[in-house]
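The block underneath contains the structure these notes are about, expressed in C-alpha cells.
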Amino acid sequence: MALSEEAKNGMTRREFFKNSAIKGTTAVALGAGGMAIPVSAQPGKSKQISAKTITEAARQTRVCRTADVVVVGGGPGGIGAALAAARSGANTVLIERYEHLGGMGTGGLVTIIPSMTDIHGKQQIAGITQEWIKRLDARGAADYPKKEHWGSRDKKLVEYYKNRSPFYATGNSVGYSAHIDAEISKCLFQDMMKEAGVKTYLHSWGTEPIMEGNKAKGVIFESKSGRQAVLAKVVIDSTGDGDLLPYAGARFETHIDKTLRSANLSFSYWIDNVNLKRYEEYKKANAGALAEKMREVRKLGGTAGFLTSNLRNQENVVWCFPRYANKSQYDVEELTRVEFLGRKEMLITHDFYKKHVPGFEKSFIVLSNSQLGTRGGRRVVGDYVVTEKDMKTKTLFKDTIAIFPNADGKNPLMYMPYRCLIPRNVNNMLVACRAFSSDAVINDTFNLIHHCVCLGQAAGTAAAQSIRSGVDLRKIDIGALQASLKKQGVILPG
Ligand SMILES: Cc1cc2nc3c(=O)[nH]c(=O)nc-3n(C[C@H](O)[C@H](O)[C@H](O)COP(=O)(O)OP(=O)(O)OC[C@H]3O[C@@H](n4cnc5c(N)ncnc54)[C@H](O)[C@@H]3O)c2cc1C
Numbered sequence: 191m192a193l194s195e196e197a198k199n200g201m202t203r204r205e206f207f208k209n210s211a212i213k214g215t216t217a218v219a220l221g222a223g224g225m226a227i228p229v230s231a232q233p234g235k236s237k238q239i240s241a242k243t244i245t246e247a248a249r250q251t252r253v254c255r256t257a258d259v260v261v262v263g264g265g266p267g268g269i270g271a272a273l274a275a276a277r278s279g280a281n282t283v284l285i286e287r288y289e290h291l292g293g294m295g296t297g298g299l300v301t302i303i304p305s306m307t308d309i310h311g312k313q314q315i316a317g318i319t320q321e322w323i324k325r326l327d328a329r330g331a332a333d334y335p336k337k338e339h340w341g342s343r344d345k346k347l348v349e350y351y352k353n354r355s356p357f358y359a360t361g362n363s364v365g366y367s368a369h370i371d372a373e374i375s376k377c378l379f380q381d382m383m384k385e386a387g388v389k390t391y392l393h394s395w396g397t398e399p400i401m402e403g404n405k406a407k408g409v410i411f412e413s414k415s416g417r418q419a420v421l422a423k424v425v426i427d428s429t430g431d432g433d434l435l436p437y438a439g440a441r442f443e444t445h446i447d448k449t450l451r452s453a454n455l456s457f458s459y460w461i462d463n464v465n466l467k468r469y470e471e472y473k474k475a476n477a478g479a480l481a482e483k484m485r486e487v488r489k490l491g492g493t494a495g496f497l498t499s500n501l502r503n504q505e506n507v508v509w510c511f512p513r514y515a516n517k518s519q520y521d522v523e524e525l526t527r528v529e530f531l532g533r534k535e536m537l538i539t540h541d542f543y544k545k546h547v548p549g550f551e552k553s554f555i556v557l558s559n560s561q562l563g564t565r566g567g568r569r570v571v572g573d574y575v576v577t578e579k580d581m582k583t584k585t586l587f588k589d590t591i592a593i594f595p596n597a598d599g600k601n602p603l604m605y606m607p608y609r610c611l612i613p614r615n616v617n618n619m620l621v622a623c624r625a626f627s628s629d630a631v632i633n634d635t636f637n638l639i640h641h642c643v644c645l646g647q648a649a650g651t652a653a654a655q656s657i658r659s660g661v662d663l664r665k666i667d668i669g670a671l672q673a674s675l676k677k678q679g680v681i682l683p684g
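Each residue of the sequence shown is one higher than the one before, starting from 191 at the first, in the numbering used here.
The following block contains the structure:
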C-alpha cells in the first residue's frame, strides 16, 4: 500500500513503530515481509504454557484502516451489506477469507436462485439480486423463464419449464428462478465493489470484533500481512456462521432438528462432459434399471442424483451435492472430516457413473467446492427472533425490510423485520447473513442466496443511515430506511 494511502487510513507502519517506542509498551521486531511483530507476540516471549491452555501476551495490533462500516464475509449477505452501505455514503471495508467474493453462491457451487416471484407470479425479490442477474444476463451468464410467463398456469408452458429446470415451475405455475454462472459472478462482484468504492480485503480472516464493553468498535483480521485491525462505527457480521458473535458477547442458537435440510453439511462438485441427451433417453426407457443402479451406488458409499446447470454452453455439466450429518458446522475437525469424506465419495460416485450410467462415459470431475456447504452454523439471538408462528400467522412487521416468497402454497409470503439483524445486548453491530435471528424452521426455509442479499442490503442501508443521522442502530427512522430500500429497487409492502 502506498504510504500516502496508508496515512489516510489509520496508523502507518512508521507511526506504529514510533508509537510503540514512545509509549514504551511494546518493543517491535520486523518479521517476514517487514511485518510488525510485537516482542510480546514473538515465539518464546511472555507466554504461559500448560498442556491444556496457553496464555497469550497482550500485543499491539496495527490499525490499517478507519471506516464507517466494516463487513466481515463476502458472501450473499456481505455483498448486499457492503454495496448498500457504500452506495448510501458510508466509507466501507469488506473482509473476505477466500480469494473471491460470492460465498456459497460462487465457491460453494450453489448456482440457483429460486422463487423470486410469489405463487401468483408477482416478483417479490429485486434490489441487488436483480441487479446481479441483470449484469449476468448481459454476458449470457444467467438463465430463467421469460418475464411474460411468470405466473402462467398454461399446462404446456408449465411442462416445458419443468423439463428445463425443476425450479422454473413449482406447483402448477411458472415462476422466476434463475440459474447463474459462478465464475462470472465472482468477476461481477469485484466490479460492483470497486464501482461502489468498497475497500475489499481478500485472503483475510475476520477473527474477532474489537469491543468496548458491549459496543463494537471494529474488527481484527489475519492474513499473510499479519494481524491487523479496522476501526469502524458499525460492524456487520456476514460470515454466514456468525463467527464474530461469541467474541462480541452476543447470544446465539445452534440447535437444528436433524430432519431439517440445514442440519447437514454438503460437499458440492461438478461433473462435465456428460451426454445428458443420452442419459435422458436411457432414463426414459430404463427407469427401473436406473433406480437399481442408484441403489447400488449408494450402497458403495456414493451419491445418487444431480441437478443440471441450464446455462448456455454448460449443457454437459451436472451438480452433485451430497449431504452429511455432523456434530457441528463450525468445528474445524468436523469440517475436515466432511471434506475428506466428500472427496472420497466423489470419486466413488464418478467412477460408478462413468462405468455404469449411459451418458457419463466420457465425463470428468471439473470442479469441487472451495467452500464446504454449510447451511446451519450459529443463529444470533436478536432483538426479535422470527418464528414459524410468524410465518403461519403471516405477521406483517412494522419494520419489514424484505419479503420472502415461498413455493409452499400454505405460507406463500414471509415478512422479515429489521430487528432480526440486531444482536440482543450488543451495540453498533448487525448480523446480515444466514445467521439472522430466527428459529430453526424459519432459518431452514428462508436461508437462500437472495434472502441473504436482501438482509445484507437492509443492514448496509441501516448502518449508513445510523451513521449519517447520528442515531443508534436501534433507534433509526424505520420509515426512512424503508423509503431508501424502495429507492434501491427493493420490494416492500405498500
Ligand atoms: C449444498 C447447498 C445447496 C444450496 N442450494 C441453494 C440453492 O439452490 N439456492 C439458494 O438460493 N440457496 C441455496 N443454498 C443456501 C445458500 O447457499 C445460502 O443461503 C447463502 O449462500 C448464504 O449466504 P451468506 O452470505 O449468509 O453465507 P455464505 O454464502 O456462507 O457466505 C459467507 C461468506 O463469508 C466468508 N467468511 C466466513 N467466515 C469468515 C471469516 N471469519 N472471515 C472472513 N470471511 C469469512 C465466507 O468465505 C463466505 O464468502 C444452498 C446451500 C448449500 C450448502
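We put the beta carbon where it would ideally sit given N, CA and C, even for glycine. As the structure is a prediction and not an experimental result, all values here were calculated from the model.
Distance between beta carbons of residue j and residue i, contact taken as under 8 Å
{"i": "Asp-447", "j": "Ala-625", "result": "Asp-447 to Ala-625, Cβ: 18 Å. No contact."}
{"i": "Gly-361", "j": "Ile-309", "result": "7 Å"}
{"i": "Thr-539", "j": "Val-487", "result": "6 Å"}
{"i": "Ser-627", "j": "Arg-568", "result": "Rounded, the Cβ-Cβ distance is 11 Å, inconsistent with contact."}
{"i": "Asp-258", "j": "Ile-639", "result": "Not confirmed; about 26 Å, so no contact."}
{"i": "Cys-623", "j": "Ser-428", "result": "4 Å"}
{"i": "Val-616", "j": "Ala-438", "result": "5 Å"}
Residue i, enclosing alpha helix (DSSP H) - first and last residue
{"i": "Tyr-459", "result": "Unbroken run through Tyr-459 is the beta strand (DSSP E), 459-462; no alpha helix (DSSP H)."}
{"i": "Pro-436", "result": "435-438"}
{"i": "Val-487", "result": "477-489"}
{"i": "Thr-526", "result": "522-546"}
{"i": "Pro-266", "result": "266-277"}
{"i": "Arg-568", "result": "Note, Arg-568: premise wrong, no alpha helix (DSSP H); not H, not E."}
{"i": "Cys-377", "result": "372-386"}
{"i": "Ser-659", "result": "639-659"}
{"i": "Leu-347", "result": "345-354"}
Counted within 10 angstroms of its Cβ, other Cβ atoms place residue i as buried (16 or more) or exposed
{"i": "Phe-530", "result": "exposed"}
{"i": "Ser-363", "result": "buried"}
{"i": "Lys-423", "result": "buried"}
{"i": "Glu-286", "result": "buried"}
{"i": "Gly-660", "result": "exposed"}
{"i": "Asp-344", "result": "exposed"}
{"i": "Ala-328", "result": "exposed"}
{"i": "Lys-665", "result": "exposed"}
{"i": "His-339", "result": "buried"}
{"i": "His-445", "result": "exposed"}
{"i": "Gly-669", "result": "exposed"}
{"i": "Gly-684", "result": "exposed"}
{"i": "Lys-414", "result": "exposed"}
{"i": "Ser-355", "result": "buried"}
{"i": "Ser-674", "result": "buried"}
{"i": "Arg-451", "result": "exposed"}
{"i": "Asp-333", "result": "buried"}
{"i": "Ala-477", "result": "exposed"}
{"i": "Gly-224", "result": "Confidence at Gly-224 is low in this model, with a pLDDT of 47, below 50, so the placement of that residue is unreliable and no value is reported for it."}
{"i": "Ala-475", "result": "exposed"}
When the options are compared against residue i, the one with the closest alpha-carbon
{"i": "Met-382", "options": "Gly-403, Val-260, Leu-326 and Ile-666", "result": "Leu-326"}
{"i": "Ala-173", "options": "Ala-406, Lys-517, Lys-467 and Thr-301", "result": "With the chain covering 191 to 684 only, the question about residue 173 has no answer from this structure."}
{"i": "Pro-436", "options": "Asn-404, Arg-451, Val-464 and Asn-353", "result": "Asn-404"}
{"i": "Gly-599", "options": "Thr-585, Ile-612 and Met-581", "result": "Met-581"}
{"i": "Gly-263", "options": "Leu-273, Ala-475 and Val-522", "result": "Leu-273"}
{"i": "His-546", "options": "Ala-494, Arg-502 and Thr-564", "result": "Ala-494"}
{"i": "Phe-542", "options": "His-641, Arg-485, Arg-527 and Asn-353", "result": "Arg-485"}
{"i": "Asp-663", "options": "Val-643, Leu-671, Pro-683 and Asn-618", "result": "Just to set this straight, residue 663 is Leu in the shown sequence, not Asp. Checked all of Val-643, Leu-671, Pro-683 and Asn-618; the closest Cα to Leu-663 is Asn-618."}
{"i": "Thr-498", "options": "Leu-490, Phe-511, Arg-417 and Gly-492", "result": "Phe-511"}
{"i": "Val-425", "options": "Gly-439, Lys-414, Gly-416 and Ile-400", "result": "Ile-400"}
{"i": "Leu-645", "options": "Asp-667, Asp-589, Arg-658 and Val-631", "result": "Asp-589"}
{"i": "Gly-549", "options": "Val-680, Thr-585, Leu-480 and Glu-321", "result": "Leu-480"}
{"i": "Ser-456", "options": "Val-409, Leu-675 and Gly-297", "result": "Gly-297"}
{"i": "Ile-374", "options": "Phe-411, Trp-322, Val-420 and Gly-408", "result": "Trp-322"}
{"i": "Ala-372", "options": "Glu-551, Ala-592 and Asn-500", "result": "Asn-500"}
{"i": "Pro-595", "options": "Val-261, Arg-565 and Met-306", "result": "Met-306"}
Contact test: residue i Cβ vs ligand 2 heavy atom, cutoff 7 Å
{"i": "Gln-561", "result": "Ligands in the displayed structure: ligand 1; ligand 2 is not one of them."}
Test: residue i CB closer than 8 Å to a CB of chain D
{"i": "Cys-642", "result": "No chain D is present in this structure, which holds just one protein chain."}
Extent of the continuous beta strand (DSSP E) run through residue i
{"i": "Gln-418", "result": "416-427"}
{"i": "Cys-610", "result": "Where Cys-610 is concerned, there is no enclosing beta strand (DSSP E), given that its DSSP letter is neither H nor E."}
{"i": "Glu-402", "result": "395-402"}
{"i": "Ser-413", "result": "405-413"}
Stretch-stretch touch, CB-based, cutoff 8 Å, three pairs: the segment 600-608 with the segment 632-644: Yes: the two stretches touch, three or more of their Cβ pairs being nearer than 8 Å.
contact_flag[the segment 556-570, the segment 457-469] where n(CB pairs < 8 Å) is 3 or more: yes
Cβ pair count under 8 Å reaching 3, the segment 648-667 against the segment 262-277: Of all C-beta pairs linking the segment 648-667 to the segment 262-277, three or more are shorter than 8 Å, placing the two stretches in contact.
Contact between the segment 280-297 and the segment 309-318 (3+ Cβ pairs under 8 Å): no
Cβ pair count under 8 Å reaching 3, the segment 386-406 against the segment 365-375: no
Contact the segment 606-622 vs the segment 568-582: 3+ CB pairs below 8 Å: yes
At least three beta-carbon pairs within less than 8 Å, the segment 351-360 to the segment 371-382: no
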